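Engineer:
Numbering (UniProt numbering), first residue to last: 1 to 361.
(1) What is the rounded straight-line gap between the Cα of residue 206 and the Cα of residue 227?
(2) Beta strand (DSSP E) containing residue 269: first to last residue?
(3) Which residues bound the beta strand (DSSP E) around residue 198?
(4) Out of 99, 72 and 240, state which residue places its alpha-carbon closest to the alpha-carbon of residue 248.
(5) Identify, in the order they occur along the chain, each residue of the same chain with its Cβ nearer than 7 Å to the Cβ of residue 181, setting aside the five sequence neighbours on each side.
(6) Check the DSSP bridge columns for residue 7 and list the partner residues they point to.
(7) Going by the CB atoms, is the gap between residue 113 and residue 31 shorter than 8 Å?
(8) Sort out for me which residues DSSP pairs residue 118 with in a bridge.
(9) Roughly how far, in whole angstroms, is the beta-carbon of residue 363 from the beta-carbon of residue 158, given that I think they are within contact range, below 8 Å?
(10) Does DSSP classify residue 206 as helix, strand or coil?
(11) If I follow the unbroken alpha helix (DSSP H) through residue 324, where does it start and stop?
(12) Between 95, 104, 123 and 90, which has its C-alpha nearest residue 111's C-alpha?
(13) What span of residues does the beta strand (DSSP E) with residue 340 cover, start to end?
(14) Which residues does DSSP list as the beta-bridge partners of residue 60?
(15) Quick one: grab the DSSP three-state call for residue 351.
(16) Is residue 193 buried or exposed, if buried means 16 or more other CB atoms sit within 10 Å of its CB?
As structure tokens, then:
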């Protein structure tokens, strides 16, 4: 039986999104039907609408979500109706070469639901990141559901499904930030502020927030930045060195994802320091660095995909920290909205007026 529900659809490149009736099938083998309670509005959804991911329109947008399992398909033994879950877009397989080497966070064979969700006329939809959660219900692979403590409100729990996890993981998992480290974060939107929060959780001594927008720098201080640098007014590399006894930071996280910001991250790190790229570049971007500088400065350069997270490990831990009052996930939520407000939320996000808009269903 198909469930007719409302969902936000991007019909074509650059077209405004609309709320449409979509048909969600009952779960088949290995699948779960989830009643969505809340879903954050992420830049990735805007990239889908603009055709920046691929051209497989129409898209069912939304992926940063939490909700309650309504039904499970054959063979699903670790989920049950009524479970409160955060959705993730990397359901690890457990059998690829990365999983078998004990590195499931780099799984090469992640799973999505097999059955398509469709428009009322039968047109198949492409769910954003295999989730499609700007909808009253969605169909996912059971491995995309991570059970967490239901005491956490859905509007904050769902943020771990993408942006907040990406930033915290960039600091803790990829960057390996630890007690006493100095950290600089370039770009103080949702992902950058989450990286700042992660660095504070890990015990960093100095946390430097860098942005062009004074308002975003104020936001960054709420999450734990000890110093701020306005990139319109200061040389970023020199400012970071001045704040780290002339050495550069131990870890520099680029949450923007542009060649110019990554060069700043590369040169603003200490000798043998680490530069982490978590901001997502576009396919046309090119980076040029003198190879002698790569050699002579030592250290490492890493990309951080989804914060190198393992949802089954990281989501419950971070929810527990939230419930203990040690991680203020609520500070990321600027506003709560309805499905019909997603287009305006994209505009507000594009202009930097919000940290996170969250659709509440």
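C-beta: ideal position from N, C-alpha, C; glycine also. This one's a predicted model, so the numbers in the text were calculated from it and none came from an experiment.
Structural biologist: Straight from the coordinates:
(1) C-alpha separation (whole angstroms): 8 Å.
(2) From DSSP, the beta strand (DSSP E) with residue 269 extends over 269-277.
(3) Residue 198 -> not in any beta strand (DSSP E); alpha helix (DSSP H) instead, spanning 190-202.
(4) Minimum Cα distance to residue 248 is reached at 240.
(5) Within the same chain, 204, 205, 250 and 251 come within 7 Å of residue 181 by CB-CB distance, once the 5 residues on both sides are set aside.
(6) Beta-bridge pairing by DSSP links residue 7 to 20 and 135.
(7) Result yes, Cβ atoms of residue 31 and residue 113 sit closer than 8 Å.
(8) According to DSSP, residue 118 bridges with 23 and 124.
(9) The structure shown does not extend to residue 363, since the chain is modelled only from 1 to 361, so the question has no answer here.
(10) Under the three-state reduction of DSSP output, residue 206 falls in the strand class.
(11) Counting along the chain, residue 324 falls outside any alpha helix (DSSP H), and DSSP gives it neither H nor E.
(12) Residue 90 is the option with its Cα nearest to residue 111.
(13) Boundaries for residue 340: no beta strand (DSSP E) harbours it, and the DSSP string shows neither H nor E there.
(14) Residue 60 is bridged by DSSP to 9 and 127.
(15) Reduced to three states, the DSSP call for residue 351 is coil.
(16) Under the 10 Å beta carbon count, residue 193 is surrounded by 16 or more other beta carbons and is classified as buried.
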